[in-house]
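Written out below as structure tokens is the structure these notes cover.
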Amino acid sequence: MRNAPQPEPIIWRDNPSAAIAADAVVSEGECAVLAGAGSAGKSWLAIRLAVEAARAAEADEQSAAACGLRIRGGTVVLLSWEMSAKRIDMAAAAMAAAKGVACLPRPAPLFPLDPDTRAHAEGRDWRPAWDAIAAAEPTLIVLDTGPKAMGGIADANAGGPVIAFLQAIERELAEIAGCAALVICHDTKAQRDAARAGEDPGAGAVAGSGQWYDSPRGVLHLSKIKGGEARVLECIKASNGREHWGATLMPLYDPPGKAGARYAGLQLGERVAPNFVQDARRRLKAETEADDERTATSAACPGDTADQRPLSSRDLV
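Shown next as structure tokens:
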């Protein structure tokens with residue numbers, strides 16, 4: 013095995029100054045987790061990854077940038093228990109995708125609780141779903157969300173079912189060349205509040221069992237900044253690369269700056285180098301509070317001139 017090639021990265025840090033793919037979140041045959049609060053934009057981020065990976069493949073390029081990440085070009089298959097096929101297609105269309113995202117929308121739970129054994133196991137739809145996935149020859153599979161793919165977990169803090177689920181996914185990945193999996197989860201209320209307030213979400217950023225953090229090779233966390241539209245995407249775990257890098261993200265509207273523009277997901281504000289994510293959180297929080305104060309002042313003094321603050325990452329919409 014020493015002479016075997018190492019697994020190639022599927023999602024890694026978008027670093028234009030790096031000559032090679034470094035700081036992998038997830039590589040071939042592995043699972044990663046994307047956690048965050050509801051409405052933070054996790055599903056839309058996954059669709060953005062799918063759209064950009066498809067564009068790269070169509071242009072015969074090896075990879076594409078998306079929201080501070082890079083993803084290998086190819087097909088991304090989305091299994092969603094959150095969004096209907098129509099909603100997924102609408103999101104892809106808002107991103108000007110040439111075609112829709114390959115998806116199995118709202119399938120039955122794949123790894124449910126067996127009523128006889130009282131243990132989670134591969135359900136009746138597991139094999140048909142994975143056969144369909146393999147036929148698409150994907151580079152990435154997204155499961156949105158992991159707990160719903162398991163039909164809910166009777167004991168949310170139990171580690172055994174999560175380990176069994178992720179290992180079952182990796183067994184399937186071993187049969188699909190050049191493919192990885194990204195499992196979407198929610199975060200805890202305490203960690204959500206910490207991130208929104210500009211603080212480090214910490215290792216408890218994934219709700220439920222600690223195995224959602226411990227077992228996957230990489231963990232991404234997406235959070236909103238309290239009071240504003242800015243998001244922070246952070247790699248909080250990378251078993252085969254550096255951690256605590258990320259990006260600030262802003263909502264994207266189409267057409268930009270127009271009344272009634274439709275939401276088109278998230279776009280890059282700025283890339284954040286390793287160990288500077290906390291600084292970015294606090295800066296965005298300070299900017300948001302300053303904007304709130306200026307808005308309150310303008311409302312109290314309607315005759316004042318328009319806001320003349322300098323441009324910031326909050327203007328990248």
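Going by the numbering used here, the sequence shown runs without a break in its numbering and finishes at 329. Just so you know, even glycine gets a beta-carbon here, dropped at the ideal spot from N, CA and C.
C-beta atoms of residue i and residue j nearer than 8 Å
i      : j      : result
ASP199 : VAL218 : yes
TRP56  : ALA108 : no
GLU73  : GLY190 : no
LEU245 : GLY253 : no
LEU152 : TRP138 : no
GLU64  : ALA78  : yes
TYR265 : LYS249 : no
TRP142 : GLU182 : no
THR260 : VAL284 : yes
GLY220 : GLN203 : no
LYS238 : LYS201 : no
LEU116 : ILE83  : no
VAL45  : CYS247 : no
LYS236 : ALA30  : no
Neighbourhood of residue i by C-beta distance below 6 Å, restricted to the same chain and skipping five residues each side
i      : result
LEU81  : ILE23, ASP26
ASP240 : It should be pointed out that residue 240 corresponds to Gly in this sequence rather than to Asp. Here the set comprises THR300.
GLY112 : ASP101, ALA104
ALA133 : ASP126
ARG118 : TRP93
ALA318 : Residue placement at ALA318 is flagged as unreliable, the pLDDT there being 35, under the threshold of 50; the coordinate-derived value follows with that caveat. Closer than 6 Å at Cβ, skipping near neighbours: no residue.
PRO267 : ALA273
PRO17  : none
GLU146 : The amino acid at residue 146 is misidentified as Glu; the sequence shows Ala. Answer for ALA146: ILE188, listed in chain order.
GLY158 : VAL195, CYS197
Nearest-angstrom Cβ-Cβ length linking residue i and residue j, presumed shorter than 8 Å
i      : j      : result
ALA193 : CYS43  : 5 Å
VAL89  : ALA148 : 5 Å
ALA68  : SER75  : 6 Å
VAL71  : CYS197 : Checking the sequence shown, residue 71 turns out to be Ala, not Val. Wrong, their Cβ atoms sit about 32 Å apart, outside the cutoff.
LYS54  : LEU280 : Going by Cβ atoms, the distance from LYS54 to LEU280 rounds to 16 Å, so no, they are not a contact pair.
Contacting residues, own chain, Cβ-Cβ under 8 Å from residue i (five flanking each side not counted)
i      : result
ALA161 : LEU91, TRP93, PRO121, LEU122, PHE123, LEU155, PHE177, VAL195
GLY150 : The residue asked about is misnamed: residue 150 is Pro in this sequence, not Gly. Excluding residues within five positions, the ones whose Cβ falls inside 8 Å are GLY86, THR87, VAL88, VAL89, ALA114, ILE188, CYS191.
GLY41  : PRO19, GLU182, LEU185, ALA186, CYS191, ALA192
ALA144 : LEU116
SER251 : ARG229, GLY230
Cut-off 7 Å between Cβ atoms - residues of its own chain near residue i, not counting five sequence neighbours on either side
i      : result
LEU287 : Per the sequence shown, residue 287 should be read as Asn rather than Leu. HIS256.
PRO263 : GLU241, TYR275, LEU278, VAL329
ALA166 : LEU125
ALA180 : PHE123, GLU134
LYS227 : Here residue 227 is Ser; the residue named in the question, Lys, does not match the sequence. Around SER227: VAL174, ILE175, LEU178.
ASP327 : Because ASP327 sits at a pLDDT of 34, beneath the cut-off of 50, its placement in the model cannot be relied upon, and the point is left open.
Closer than 7 Å: residue i CB and nearest the ligand FMN heavy atom
i      : result
THR157 : Because no ligand of any kind appears in the structure shown, any question about the ligand FMN cannot be addressed here.
| message | Counting beta carbon pairs with one atom in the region 87-97 and one in the region 262-274, are three or more of them shorter than 8 Å? | response | The region 262-274 vs the region 87-97: no contact.
| Hey, which unbroken runs of the beta strand (DSSP E) at 3 residues or more fall wholly within the region 209-291? | If only complete runs of 3 or more residues are kept, the region 209-291 shows the beta strand (DSSP E) at 230-236, 243-250, 258-266, 274-284, in order along the chain.
| query | Taking the runs of the beta strand (DSSP E) that are 3 residues or longer, which of them lie wholly in the region 145-220? | reply | Qualifying beta strand (DSSP E) stretches, in chain order: 152-156, 192-198.
| In chain order, which continuous runs of the alpha helix (DSSP H) of length 4 or greater are located wholly inside the region 45-86? | List check, alpha helix (DSSP H) in window: 54-70.
| field | Every unbroken alpha helix (DSSP H) inside the region 88-144 [4 residues or more] | value | Here the runs fully enclosed are 97-106.
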